[in-house]
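Asks: One structure is given below, represented as structure tokens, and several questions about it will come after.
Numbering (the working numbering), first residue to last: 26 to 189.
Encoded structure:
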């Protein structure tokens with residue numbers, strides 16, 4: 026019998042295996058994809074990810090690599106390394122697959138997965154997303170979920186660093 030922990034680890038799909046796994050899944054299940062840094066998981070993330078999962082049969086989460094996070098957020102980020110972030114999220118029951126990508130945007134990973142739906146949070150503009158044209162070209166749709174006010178990793182980190 027597998028432990029719960031090993032079941033979590035099995036959800037982490039290396040980038041080079043994403044296409045094969047996706048092809049097996051997408052023929053009979055609707056894949057929802059989203060991505061982010063997720064270096065301090067909070068209630069806003071949980072709300073957003075559970076809403077994303079409700080849009081399809083499978084939720085696949087792309088996580089920015091450590092090098093990508095440093096380019097996007099600065100040298101003091103991520104707070105937690107990519108392996109830890111992937112493992113933590115993989116243990117959430119409503120996430121089916123996790124893959125780490127090294128680009129600033131998940132375009133290559135999206136090309137591999139070809140999700141039916143790509144989801145972003147309400148702080149994004151649908152037409153300004155670099156992923157929108159690719160997802161549509163692959164036959165998918167992009168949806169923006171409502172913003173969860175009061176929850177921002179960047180704000181949490183700033184507040185923690187300001188504490189004496």
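Heads up, the beta-carbon is just placed ideally off N, CA and C, and yes, glycines get one too. Keep in mind it's a predicted model, so treat the numbers as computed, not measured.
To the nearest whole angstrom, what separates the beta carbons of residue 36 and residue 123, a pair I think is in contact under 8 Å?
Replies: With a Cβ gap of about 6 Å, residue 36 and residue 123 count as contacting.
Asks: If we count the other Cβ atoms within 10 Å of its Cβ and call it buried at 16 or more, is residue 99 buried or exposed?
Replies: The residue is exposed, with fewer than 16 neighbouring Cβ atoms inside 10 Å.
Asks: Under 8 Å: do the region 79 to 95 and the region 53 to 66 share three or more Cβ pairs, one atom per stretch?
Replies: Because the criterion of three Cβ pairs below 8 Å is met, the region 79 to 95 and the region 53 to 66 touch.
Asks: Three-state secondary structure (DSSP) at residue 72?
Replies: The answer is helix: DSSP assigns residue 72 an H, G or I state.
Asks: List the endpoints of the continuous beta strand (DSSP E) containing residue 53.
Replies: No beta strand (DSSP E) holds residue 53; DSSP gives it neither H nor E.
Asks: In or out: residue 151 buried (at least 16 other Cβ within 10 Å) or exposed?
Replies: Label assigned to residue 151: exposed.
Asks: Can you tell me whether DSSP reads residue 168 as helix, strand or coil?
Replies: Reduced to three states, the DSSP call for residue 168 is strand.
Asks: Threshold first: 4 residues or longer. Then list the alpha helix (DSSP H) segments lying entirely within the region 84 to 124, N to C.
Replies: Listed in chain order, they are 91 to 98 and 107 to 115.
Asks: Thinking C-alpha only, which one of 40, 82 and 149 is nearest residue 134?
Replies: When each option's Cα is compared against that of residue 134, the closest is 40.
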